[in-house]
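*Asks:* Quick one: the structure is below, and I'll ask about it shortly.
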Amino acid sequence: MTADTTSGTAPEPVRFLQVGSLAAGNRLVDLSLRAVQADPDRPSGLTKGHRACRGCGEALAARVVLDAASRASDGRLVTVNATGCLEVFTSPYPESAWKVPWLHSLFGNAPAVASGVAAALHVTGRADVRVLAQGGDGGTLDIGFGTLSGMFERNDDVLYVCYDNQAYMNTGVQRSGATPPAARTATTPVVHGHGGKDMRPAKDAPRIAMAHGIPYVATATVADLHDLEAKVTRAMGLHGARYLHVLVPCPLGWGSASDEAVRLARLATQTGLFPLLEAVDGDVVATTPIRHREPVEAYLRPQRRFAHLFAPERDEQVLAAIQADADRTIARYRLDRDDDAPDDDFDLPDDDLADTGGGLP
Amino acid sequence: MVDVRIHGRGGQGVVTTAEVLALACFVEGRHAQAVPSFGSERTGAPVAAFVRVSDQPIRSHDPVEEPDIVVVQDATLLSLPSVVAGLRPGGRLLVNTHRSLPAAVLAATAGRTVTTVSASAIATRCVGRDVPGPAMLGALAAVTGVVLVDSVIAAVQDRLAGRSTAGNVAAVTEAFETTLAAVGGEARASAT
Amino acid sequence: MRQQREGSQAVAEAVALCRPDVVSAYPISPQTHIVEHLSRLVLSGSLPGCTYLNVESEFASMSTLIGASATGARSYTATASQGLLFMAEAVFNAAGLGLPMVMTVANRAIGAPINIWNDQGDSMAMRDCGWVQLYAADNQEAVDLHVMAFRLADELELPVMVCMDGFVLTHAFEEVELPTQEQVDAVLPPPPTRPVLDPAAPVTIGAMVGPEAYTEVRYLADRRHRDALRLLPLVAADYARATGRDAAGLVRTYSCEGADTVVVALGSVLGTLSDVVDQRDVGERVGVLGLTCYRPFPADAVRAAVRSARRIVVVERSLALGEDGPVAADVARALAGSGRSVSTVVCGLGGRPVTSAVLHRLLDRVARDDLPQRLFLDLDRDVVDREMQRTAALARRAEEVRS
Chain A
7 MTADTTSGTA
17 PEPVRFLQVG
27 SLAAGNRLVD
37 LSLRAVQADP
47 DRPSGLTKGH
57 RACRGCGEAL
67 AARVVLDAAS
77 RASDGRLVTV
87 NATGCLEVFT
97 SPYPESAWKV
107 PWLHSLFGNA
117 PAVASGVAAA
127 LHVTGRADVR
137 VLAQGGDGGT
147 LDIGFGTLSG
157 MFERNDDVLY
167 VCYDNQAYMN
177 TGVQRSGATP
187 PAARTATTPV
197 VHGHGGKDMR
207 PAKDAPRIAM
217 AHGIPYVATA
227 TVADLHDLEA
237 KVTRAMGLHG
247 ARYLHVLVPC
257 PLGWGSASDE
267 AVRLARLATQ
277 TGLFPLLEAV
287 DGDVVATTPI
297 RHREPVEAYL
307 RPQRRFAHLF
317 APERDEQVLA
327 AIQADADRTI
337 ARYRLDRDDD
347 APDDDFDLPD
357 DDLADTGGGL
367 P
Chain B
5 MVDVRIHGRG
15 GQGVVTTAEV
25 LALACFVEGR
35 HAQAVPSFGS
45 ERTGAPVAAF
55 VRVSDQPIRS
65 HDPVEEPDIV
75 VVQDATLLSL
85 PSVVAGLRPG
95 GRLLVNTHRS
105 LPAAVLAATA
115 GRTVTTVSAS
125 AIATRCVGRD
135 VPGPAMLGAL
145 AAVTGVVLVD
155 SVIAAVQDRL
165 AGRSTAGNVA
175 AVTEAFETTL
185 AAVGGEARAS
195 AT
Chain C
396 MRQQREGSQA
406 VAEAVALCRP
416 DVVSAYPISP
426 QTHIVEHLSR
436 LVLSGSLPGC
446 TYLNVESEFA
456 SMSTLIGASA
466 TGARSYTATA
476 SQGLLFMAEA
486 VFNAAGLGLP
496 MVMTVANRAI
506 GAPINIWNDQ
516 GDSMAMRDCG
526 WVQLYAADNQ
536 EAVDLHVMAF
546 RLADELELPV
556 MVCMDGFVLT
566 HAFEEVELPT
576 QEQVDAVLPP
586 PPTRPVLDPA
596 APVTIGAMVG
606 PEAYTEVRYL
616 ADRRHRDALR
626 LLPLVAADYA
636 RATGRDAAGL
646 VRTYSCEGAD
656 TVVVALGSVL
666 GTLSDVVDQR
676 DVGERVGVLG
686 LTCYRPFPAD
696 AVRAAVRSAR
706 RIVVVERSLA
716 LGEDGPVAAD
726 VARALAGSGR
736 SVSTVVCGLG
746 GRPVTSAVLH
756 RLLDRVARDD
766 LPQRLFLDLD
776 RDVVDREMQR
786 TAALARRAEE
796 VRS
């Protein structure tokens with residue numbers, strides 16, 4: 007805001023009509039602070055032409071992750087993918103949407119395959135080539151859980167990114183170990199207005215990863231691409247086993263509008279249901295406080311997978327339980343603290359982004 | 005072909021004894037195969053190992069059912085019928101004990117030659133631990149033509165290299181000389 | 396150099412001579428001595444340029460090798476029985492992706508009931524996985540086959556499984572001749588280049604192939620697999636030239652020329668069979684045919700070996716429930732239309748030793764022409780008859796109660 011002090015009248019407030027800091031591209035932001043995605047010369051490791059649903063959160067996240075990881079490794083990157091949506095919609099033989107070296111083996115072994123790739127690269131003197139593994143919530147936390155834990159325990163030099171859309175979407179929206187309480191899926195159906203997944207909590211992937219004491223664990227969503235890129239970049243600056251858990255709304259599986267993925271992801275963080283955190287060597291070192299707290303209902307209502315909680319009658323008990331979960335998470339990670347100096351008109355990205363300097367033009 | 009069966013308890017080095025015997029025969033330029041009777045036995049359970057010795061290459065890997073020689077490293081096993089079962093007429097039973105053998109055992113082994121050696125006592129004296137295998141092989145060299153005592157010593161030095169090598173060699177020698185003196189045995193003067 | 400070694404250690408030494416880049420293993424009886432010895436070699440510095448991964452399951456060991464091989468590394472693992480089945484999905488995957496690697500299978504029975512002893516049920520259960528399957532008759536052959544397996548894998552761009560009878564061979568302490576490093580290097584040059592994960596030349600490995608192309612992909616895989624029948628003898632010849640040792644080819648024959656009966660078998664029982672055949676009356680004219688390469692099935696070599704035989708007896712060290720085979724089924728198909736009888740003789744299941752005495756009894760029956768289509772050679776008939784009578788009596792009582 008500037009003021010013209012030379013005139014005698016009261017200064018007119020000047021409003022800048024550009025979009026805020028959460029946008030990928032902002033022409034008034036210094037080049038070094040822009041997202042990788044804002045660069046027309048971005049690597050596009052996951053390129054266009056793939057067969058994802060319109061509005062797919064996972065496709066967006068993977069594109070961002072790939073390009074940030076590519077930039078951080080100077081393009082010396084290989085990728086291992088578990089079976090799932092991402093694998094299926096990017097590799098319909100004879101076409102491929104991958105411009106990076108890409109290996110898909112099985113549903114439950116991406117962490118192990120990636121460990122093998124990393125071991126081979128290291129022992130043959132190519133440790134400068136970095137390994138990125140990718141999988142969905144099912145492939146990571148259920149069928150791939152054993153291999154994930156093994157990779158963590160050995161501290162293999164792999165960055166594992168889990169794209170969590172909270173169910174087995176590729177096969178038709180069946181529940182997984184990451185499906186949240188009350189959610190309707192094809193195997194936790196709603197019958198006569200009741201049902202959905204039981205109220206037991208989903209597997210807490212970040213804390214499981216932290217319990218292994220690995221060098222870096224972080225959570226992110228598609229609602230803040232800067233934050234996602236920064237965490238990928240930070241992870242790529244480290245070695246050993248690193249885990250990134252990304253919430254990726256699935257319009258089809260969640261029953262939400264196809265243009266709502268980013269908004270729903272933001273609501274997930276603003277309700278406290280999905281905390282944004284970073285952990286180093288098993289301990290939380292940073293969390294992102296909630297700027298505008300939202301009640302869980304604001305997040306649940308736009309998703310038909312939670313429609314039975316609102317119609318034909320409101321299920322106050324379940325809604326209260328979900329709110330209590332959110333409250334507990336907020337308390338655990340102190341997401342309601344006020345120690346940031348807020349500056350709502352011009353939010354700067356994290357200081358660390360400038361510090362690492364990596365991954366940005 | 006000479007077939008040997010060695011009995012003991014898990015933890016007494018039965019497999020090692022078999023391997024040392026096989027190695028000793030190999031050192032002499034013969035062919036030898038040592039095979040444990042494998043299982044999930046824990047320490048203290050009865051175990052056996054087989055050794056086949058031949059001047060021809062040994063093609064078969066089936067277990068020894070009718071041994072020419074039975075070596076018993078732990079006399080408490082003698083109550084098990086399987087320990088002396090199949091021992092060929094004219095064969096040799098060699099038992100680690102300082103006592104005389106029970107009448108039942110002598111009856112079961114009629115027609116076979118029986119020798120005892122205080123291998124545990126010798127081992128304890130020479131090595132400081134009750135590891136009777138090398139002493140048993142020393143005694144074996146004294147009473148049969150299967151292997152020369154020098155070959156056993158060479159095998160012990162190769163296979164049991166470490167702190168106890170000297171002690172184990174001493175145990176072999178003492179058992180050999182003691183047994184030889186006691187039975188005036190059939191040790192070969194030189195390799196055939 | 397001739398030395399007295401435990402079979403497992405000899406195999407580990409042979410693998411070490413092949414200069415592996417990545418060894419990844421999970422322990423299971425009776426393979427443990429192989430992987431333990433390899434880990435000692437790596438950790439003692441005797442195998443520089445090799446990394447050893449201790450993984451959390453057999454599924455992980457095969458999966459890490461998929462990653463390693465896809466990155467261009469020479470890769471090795473070993474397993475048995477339950478472990479082989481636990482990694483089954485990944486085993487098929489490795490073959491389908493055309494990834495060279497070598498795995499030792501220390502043949503052990505499959506549960507239930509759980510049984511840690513030797514039979515060939517495990518590798519037989521996986522005979523269609525797309526790997527080349529080789530069977531060692533003794534520990535010398537095990538050593539030779541591992542070196543040849545790495546070369547075969549490189550040339551075919553397919554994984555190769557070397558099977559050896561668990562405990563019987565792995566834990567047998569006997570003489571072997573290990574090749575020298577120079578000899579192995581002569582047989583096993585650095586592998587030819589193939590598409591691997593490399594930022595300089597990105598490829599997509601493991602795409603989804605739909606109905607419009609899957610058949611052709613699999614047909615070509617089958618052609619590649621069968622090419623092992625042509626390649627293995629060539630590799631064996633190279634190995635013989637380098638080591639001066641006549642290494643195994645697709646099959647090994649003993650007294651099959653002019654034989655009236657040929658006994659077919661895989662693995663360690665071949666040694667006992669040869670001894671037994673030598674002890675038979677010459678007039679019986681019995682020969683022994685050992686299958687070294689079982690997959691792909693060497694039909695031509697089998698037909699040639701049994702040319703003169705009227706009767707073929709297949710000794711099965713596994714039980715294919717509900718059918719006569721598995722090996723006999725392959726042999727019978729190869730001989731279809733030739734009017735010869737092929738009998739299945741099941742023995743040695745779950746570690747029951749196949750002794751000379753038992754094999755003599757078999758050949759006595761053969762001599763008497765008293766051999767059914769399928770025979771359980773070492774079955775305790777009294778025990779099973781009693782059990783079947785008991786079951787039948789229970790069924791009758793249940794029937795009476797119902798009516």
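Protein chains in written order, with my numbering: chain A, 7 to 367; chain B, 5 to 196; chain C, 396 to 798.
Quick reminder that beta carbons are idealized off the backbone N, C-alpha and C, glycines included.
1) With distance defined between alpha-carbon atoms, name the residue in C/Thr575, C/Pro587 and C/Met521 nearest to valine 555 of chain C.
2) In its own chain, which residues sit with a C-beta less than 6 Å from the C-beta of valine 238 of chain A, not counting the 5 before and 5 after it?
3) Using a Cβ-Cβ distance under 8 Å, would histidine 110 of chain A count as near chain C?
4) Measuring only the C-alpha atoms, how far is tyrosine 339 of chain A from histidine 298 of chain A?
5) Would alanine 159 of chain B and valine 55 of chain B be called neighbours here (beta carbons separated by less than 8 Å)?
6) Any heavy atom of the ligand NAD within a distance shorter than 7 Å of the CB on isoleucine 149 of chain A?
7) Going by the beta-carbon positions, is the gap between proline 586 of chain C and arginine 469 of chain C smaller than 8 Å?
8) Could one say the Cβ of isoleucine 600 of chain C lies closer than 8 Å to chain A's Cβ atoms, at least one of them?
9) Any Cβ of chain B within less than 8 Å of the Cβ of serine 655 of chain C?
10) Taking all protein chains shown into account, do 16 or more other C-beta atoms lie within 10 angstroms of the C-beta of aspartate 780 of chain C, making it buried, or fewer, making it exposed?
11) Would you call lysine 54 of chain A buried or exposed, if buried means 16 or more other Cβ atoms sit within 10 Å of its Cβ?
12) Which runs of the beta strand (DSSP E) at least 3 residues long sit entirely within the region 101–130 of chain A? Give them in chain order.
13) Short of 8 Å in beta carbon distance, which residues of its chain neighbour glycine 491 of chain C, apart from the five on each side in sequence? Order them along the chain.
14) Using beta-carbon positions only, say whether glycine 12 of chain B and aspartate 78 of chain B come within less than 8 Å of one another.
15) Taking the beta carbon of phenylalanine 280 of chain A as the centre, do at least 16 other beta carbons fall within 10 Å, making it buried, or is it exposed?
16) I need the straight-line Cα distance from valine 658 of chain C to valine 664 of chain C, nearest angstrom please.
17) In whole angstroms, what is the alpha-carbon distance linking arginine 680 of chain C and serine 736 of chain C?
18) Using a Cβ-Cβ cut-off of 8 Å (strictly less than) and excluding sequence neighbours within five positions of threonine 648 of chain C, which residues of its own chain qualify?
19) Which term fits glutamate 408 of chain C, buried or exposed, when burial requires 16 or more other beta carbons within 10 angstroms of its beta carbon?
20) Quick check on serine 669 of chain C: does DSSP put it in helix, strand or coil?
21) So which residues on chain C does phenylalanine 180 of chain B lean against when the C-beta distance must stay under 8 Å?
22) Contact criterion: CB-CB distance below 8 Å. Does serine 50 of chain A meet it with respect to chain C?
23) I'd like to know whether the C-beta of phenylalanine 454 of chain C is nearer than 8 Å to at least one C-beta of chain A.
24) Considering only the alpha carbon of each residue, which of B/Ser155, B/Arg9, B/Ala143 and B/Ala28 lies closest to alanine 89 of chain B?
25) For a test of the three-state rule: what should DSSP assign to aspartate 331 of chain A, helix, strand or coil?
26) Just mark isoleucine 220 of chain A as buried or exposed, buried being the case when its beta carbon has 16 or more other beta carbons within 10 Å.
27) With 8 Å as the C-beta to C-beta threshold (strictly closer), list the residues of the region 545–568 of chain C near chain B in chain order.
28) Using Cβ-Cβ distances below 7 Å, what residues of the region 119–141 of chain A are close to chain C?
29) Just grab the DSSP bridge partners of phenylalanine 568 of chain C for me.
30) Spatial neighbours of arginine 206 of chain A within its chain, please: CB distance less than 8 Å, with the 5 preceding and 5 following residues excluded, ordered by chain position.
31) Less than 8 Å between C-beta atoms, sequence neighbours within five positions excluded: which residues of the same chain meet that for aspartate 361 of chain A?
32) Leaving aside the five residues before and after arginine 165 of chain A along the sequence, list all residues of the same chain whose C-beta is less than 6 Å from its C-beta, in chain order.
33) Put glutamine 768 of chain C into one of helix, strand or coil per three-state DSSP.
34) Measure how close the beta-carbons of glutamine 528 of chain C and arginine 763 of chain C come, nearest whole angstrom, since I'm counting them as under 8 Å.
35) Could you have a look at threonine 89 of chain A and say whether DSSP puts it in helix, strand or coil?
36) Mind listing the chain C neighbours of lysine 54 of chain A? Cutoff is C-beta to C-beta under 8 Å, in chain order.
*Replies:* Let's see:
1) Here the question's residue 555 of chain C lines up with position 160 in the third sequence. Measuring from the Cα of valine 555 of chain C, the nearest candidate turns out to be C/Met521.
2) For the purposes of this step, residue 238 of chain A is taken as residue 232 along the first sequence, with counting starting at 1. Contacts found: Val71, Ala74 and Ala75.
3) Counting from 1 along the first sequence, the entry for residue 110 of chain A is found at position 104. Yes, its Cβ sits closer than 8 Å to a Cβ of chain C.
4) Here the question's residue 339 of chain A lines up with position 333 in the first sequence. Here the question's residue 298 of chain A lines up with position 292 in the first sequence. Roughly 16 Å separates the two Cα atoms.
5) To locate residue 159 of chain B, count along the second sequence from 1; it is residue 155. To locate residue 55 of chain B, count along the second sequence from 1; it is residue 51. Contact: no.
6) Here there are no bound small molecules, and the ligand NAD is not part of this structure.
7) The residue given as residue 586 of chain C occupies position 191 in the third sequence. The residue given as residue 469 of chain C occupies position 74 in the third sequence. Taking 8 Å as the Cβ cut-off, proline 586 of chain C and arginine 469 of chain C qualify as a contacting pair.
8) Within the third sequence, the letter at position 205 stands for residue 600 of chain C. True, the Cβ-Cβ gap to chain A drops below 8 Å.
9) In the third sequence, residue 655 of chain C corresponds to position 260, counting from 1. In the sequence on display, residue 655 of chain C carries aspartate and not serine. By this cut-off, aspartate 655 of chain C is not an interface position.
10) Position 385 of the third sequence, counting from 1, holds the residue named residue 780 of chain C. Aspartate 780 of chain C is exposed by the Cβ-count criterion.
11) Indexing the first sequence from 1 puts residue 54 of chain A at position 48. Exposed, by the Cβ-count rule.
12) 108–110
13) Here the question's residue 491 of chain C lines up with position 96 in the third sequence. Closer than 8 Å at the Cβ level, and outside the excluded window around glycine 491 of chain C, lie Gly525 and Ala616.
14) Position 8 of the second sequence, counting from 1, holds the residue named residue 12 of chain B. Position 74 of the second sequence, counting from 1, holds the residue named residue 78 of chain B. Against a cut-off of 8 Å, the Cβ pair of aspartate 78 of chain B and glycine 12 of chain B comes out as a contact.
15) The residue given as residue 280 of chain A occupies position 274 in the first sequence. When all chains shown are included, phenylalanine 280 of chain A counts as buried.
16) Taking the third sequence and counting its residues from 1, one reaches residue 658 of chain C at position 263. Taking the third sequence and counting its residues from 1, one reaches residue 664 of chain C at position 269. Looking at the two C-alpha atoms, the distance is approximately 11 Å.
17) Sequence index remark: in the third sequence, residue 680 of chain C carries index 285 (1-based). Sequence index remark: in the third sequence, residue 736 of chain C carries index 341 (1-based). Distance between the alpha carbons of arginine 680 of chain C and serine 736 of chain C is about 16 Å.
18) Locating residue 648 of chain C in the third sequence gives position 253, where the first residue counts as 1. Gly682, Val683, Leu684, Gly685 and Ala700.
19) In the third sequence, residue 408 of chain C corresponds to position 13, counting from 1. So glutamate 408 of chain C counts as buried.
20) Position 274 of the third sequence, counted from the first residue, corresponds to residue 669 of chain C. It is helical.
21) Locating residue 180 of chain B in the second sequence gives position 176, where the first residue counts as 1. Within 8 Å Cβ-Cβ: nothing; phenylalanine 180 of chain B doesn't reach chain C, min ~22 Å.
22) For the purposes of this step, residue 50 of chain A is taken as the residue at position 44 of the first sequence. No, because no Cβ of chain C sits closer than 8 Å to the Cβ of serine 50 of chain A.
23) For the purposes of this step, residue 454 of chain C is taken as residue 59 along the third sequence, with counting starting at 1. Phenylalanine 454 of chain C counts as touching chain A.
24) The count along the second sequence starts at 1 and reaches residue 89 of chain B at position 85. The residue with the shortest Cα to Cα distance from alanine 89 of chain B is B/Arg9.
25) For this step, residue 331 of chain A is matched to residue 325 along the first sequence. Note: aspartate 331 of chain A maps to helix in three-state DSSP.
26) On the first sequence, position 214 is the one that residue 220 of chain A refers to. Under this definition isoleucine 220 of chain A is a buried residue.
27) Asp560, Phe562, Val563, Leu564, His566, Ala567 and Phe568
28) Val119, Ala120, Ser121, Gly122, Val123, Ala125, Ala126, Leu127, His128, Val129, Thr130 and Val135
29) As a working note, residue 568 of chain C is residue 173 in the third sequence. Beta-bridge pairing links phenylalanine 568 of chain C to B/Ala38 and C/Glu401.
30) If you number the first sequence from 1, residue 206 of chain A lands on position 200. Here the set comprises Pro187.
31) Locating residue 361 of chain A in the first sequence gives position 355, where the first residue counts as 1. Only weak support exists for where aspartate 361 of chain A lies, its pLDDT of 36 falling under 50; the value from the coordinates is given anyway. Same-chain partners within the cutoff: there are none.
32) The residue labelled residue 165 of chain A in the question sits at position 159 within the first sequence. It should be noted that the sequence gives leucine, not arginine, for residue 165 of chain A. So the qualifying residues of the chain are Leu138, Ala241 and Arg248.
33) If you number the third sequence from 1, residue 768 of chain C lands on position 373. Glutamine 768 of chain C: coil per DSSP, three-state reduction.
34) Here residue 528 of chain C corresponds to residue number 133 of the third sequence, with the count starting at 1. Here residue 763 of chain C corresponds to residue number 368 of the third sequence, with the count starting at 1. That belief does not hold up - the Cβ atoms of glutamine 528 of chain C and arginine 763 of chain C are roughly 34 Å apart, past 8 Å.
35) In the first sequence, residue 89 of chain A corresponds to position 83, counting from 1. Coil, per DSSP.
36) Locating residue 54 of chain A in the first sequence gives position 48, where the first residue counts as 1. None at all; the shortest Cβ gap to chain C is about 15 Å.
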